[in-house]
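Numbering (our numbering), first residue to last: 615 to 687. By construction, the Cβ of each residue, glycine as well, lies at the ideal position given by its N, Cα and C atoms.
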């Protein structure tokens, strides 16, 4: 099976789910973007999950700040 992303790309879907792990001492510095539905998550230090969903406005603001500060973008 395959899935269509918001970017227009089509990616393979595996039969079994896979875990994506980030090993870090500073979880708040990471963001995760679901390219299928556009939801944005940020690493968190507490709670049951390692990721907290961000409000669309907050996510856009943070991504814009990264774009302005990064010499690579």
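Within the present structure, is the beta-carbon of residue i separated from the nearest heavy atom of the ligand PLP by less than 7 Å?
i	result
residue 684	This structure simply doesn't include the ligand PLP, nor any ligand for that matter.
Across which residues does DSSP place residue i in a beta bridge pair?
i	result
residue 617	625
residue 657	665
residue 646	655
For residue i versus residue j, is the C-beta distance shorter than 8 Å?
i	j	result
residue 653	residue 672	no
residue 627	residue 639	no
residue 623	residue 642	no
residue 619	residue 646	no
residue 665	residue 657	yes
Which same chain residues, not among the five before or five after residue i, have their C-beta less than 7 Å away from its C-beta?
i	result
residue 621	649
residue 615	627
Using a Cβ-Cβ cutoff of less than 6 Å, which residues in the same chain neighbour residue i once the five nearest sequence positions on both sides are dropped?
i	result
residue 687	681
residue 625	617
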